[in-house]
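Okay, so here's the structure we're looking at.
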Amino acid sequence: MLDIIAIFLCITAVLAYFNRRYVGLPPAIGVMGIALGLSLLNMASDALGFHSLHTLEQSLVESIDFSELLMEGMLSLLLFAGALHVDLSQLRAYRWQVASLAVVGTTVSTLLIGFGLWWLLSFSALELPLAYCLVFGALISPTDPIAVMGILKSAGAPSSVELVISGESLFNDGVSVVLFSLILAMIASGDAPSVTGVSRLLLEEAGGGALLGAVVGYVTFRMLKSIDSYQEEVLITLAAVLGGYALATHLHVSGPLAMVVMGLIVGNHGRSYAMSEQTEKNLDMFWELIDEILNAVLFVLIGLEVILIHFTRPLIVTGLMVIVLTLFSRLLTVGVPIAVLGRRFRLPEGSWSVLTWGGLRGGISVALALSLPPGDARDVVVGMTYLVVVFSILIQGMTIGKLVKRVIPCSGG
């Protein structure tokens, strides 16, 4: 395991250096694009008869359980780090906007994409049961702010737009995991879930996760308040995140939501009442580094994963249609409500297009797809997920900055 970690960190460091020195793309987009390009070159050389490098990369990527690595390891750290810098007083001002997009928007998006895919497959040579179409809808609906937030800041996007995108993304991860688990449970049992069963699961998973996050966050806050030594305080937050996520897994409650709530408590009440200036500076620096390093590793892994996917012509054609479907769903569930209720959302004119195009899909979608039971349905879902995520990060991610400058010309406040 140590060898594997060392190899992937070295690959990530080299690609990050190469991107910074020669390419100049935003970090996450750059390292993923380079990793993807190298993997495609490797696949081309394999097709020409040069098999050694392809075999080496394949065995290396297969040695990593991407789904377990992200869902059981990296996700807790990434979500806590993201929530740590969200201003709760500002988020509270946009609470119903964020809640409606994260809960209602994600749920409606799951249904739109699921049934839309079911309809599209009637024109394709691919086959997928309706339940798995809904599984795909659940795993592809959550957005990932990691790659887009830096671009929005550099483009001078209004703070309100940044806040809504980041807040929605932090919470819709947890919502989508609950929906994903619910549909998988339905597939395993063979029965359609009852309203009572769904309500109970949502209460246990989402409510339990939020409650656990609040409890662990409060205990962490009290511990931070009782001492003033940044070394121990950084260690306490790291232990709280890893221990809290492990506890959430054992209690069968939503770990992602627990991490978000913990991050909001420590990042706001902890910052205001429990940290000295030196502690705050060092804590922020530590979690920013963790965030940057893990994001770089995550996007390199996404780029390298292409070597394990068997692409066929029907899969690629259907994947292109699904990219349009996911964008259309994002437009209906986010863009249209914001455009129609612009004043109620209190966002600048033109924000609807930024939030629609800026809804990037990322690592959590790939991880959920790879966690499905082996079979033909899994292969189709993984292939489509990968195509949507790559398009989302490379195409949407690299053009969102220009869109911000074009549709919100007076942005920056």
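Mapping of the sequence shown onto full-length UniProt numbering: position 3 corresponds to residue 3, and the numbering continues sequentially without gaps.
Even glycine gets a Cβ: it sits at the ideal position worked out from N, Cα and C.
Inter-residue CB distance, residue i and residue j (contact presumed, cutoff 8 angstroms)
i      : j      : result
His269 : Asp379 : Rounded, the Cβ-Cβ distance is 46 angstroms, inconsistent with contact.
Ala240 : Gly209 : With 8 angstroms as the limit, Ala240 and Gly209 do not qualify as a contact, their Cβ atoms being about 15 angstroms apart.
Arg330 : Gly359 : 5 angstroms
Tyr94  : Val31  : About 31 angstroms separates the two Cβ atoms, so there is no contact after all.
Val322 : Val388 : 6 angstroms
Nearest candidate by alpha-carbon position, reference residue i, set the options
i           : options                           : result
residue 454 : Ala28, Met398 and Ile4            : Beyond the ends of the chain as shown, which are 1 and 413, falls residue 454; an answer cannot be given.
Ile187      : Leu212, Phe171, Leu130 and Leu201 : Leu130
Leu121      : Leu320, Ser59, Ala210 and Pro337  : Leu320
Ala273      : Ser100, Lys225 and Ala44          : Looking at the sequence shown, residue 273 is not Ala but Tyr. Among Ser100, Lys225 and Ala44, the Cα nearest to that of Tyr273 belongs to Lys225.
Ser109      : Leu88, Leu201 and Thr326          : Thr326
Thr356      : Gln231, Gln396, Val322 and Arg343 : Gln396
Arg346      : Glu62, Glu72, Val98 and Ile7      : Val98
Gly33       : Ser100, Thr220, Asp87 and Ser392  : Ser392
Ile236      : Ser166, Val104, Glu68 and Trp287  : Trp287
Gly167      : Ser76, Ile307, His85 and Leu9     : His85
For residue i, the first and last residue of its enclosing alpha helix (DSSP H)
i      : result
Thr110 : Thr106 to Leu120
Ala248 : Tyr230 to Leu251
Ile395 : Looking at the DSSP string, Ile395 is not in any alpha helix (DSSP H), and its letter there is neither H nor E.
Asp284 : Glu277 to Leu304
Phe311 : Unbroken run through Phe311: none, as it is neither H nor E.
Val14  : Leu2 to Phe18
Leu40  : Pro27 to Ala47
Gly263 : Gly255 to Ile265
Ala367 : Gly363 to Leu370
CB contact flag (residue i, residue j, <7 angstroms)
i           : j      : result
Val381      : Phe18  : no
residue 418 : Ala206 : Limits of the chain in this structure are 1 at one end and 413 at the other, which puts residue 418 out of reach.
Asp228      : Ile364 : no
Val216      : Ala35  : no
Gly114      : Leu134 : yes
Phe180      : Leu370 : no
Leu212      : Val253 : yes
Leu304      : Ser59  : no
Val366      : Thr385 : yes
Leu79       : Val219 : no
Ala339      : Leu128 : no
Ala81       : Asp291 : yes
Tyr230      : Ser76  : no
7 angstroms Cβ cutoff, residue i in contact with chain B
i     : result
Ile34 : Structure shown: chain B not included; a single protein chain is present.
Would you mind listing the alpha helix (DSSP H) stretches within the segment 328-357 that are 4+ residues and don't spill past its ends, in chain order?
Runs of the alpha helix (DSSP H) inside the segment 328-357: 336-340, 342-345 and 351-357.
My parser needs the alpha helix (DSSP H) runs of 4 or more residues fully inside the segment 58-111; what are they?
Qualifying alpha helix (DSSP H) stretches, in chain order: 66-69, 75-84, 88-93 and 95-99.
Let me know the alpha helix (DSSP H) ranges lying completely inside the segment 128-216, each 4 residues or longer, listed in chain order.
The alpha helix (DSSP H) runs of length 4 or more contained entirely in the segment 128-216 are, from start to end of the chain, 130-140, 146-154, 159-189 and 195-202.
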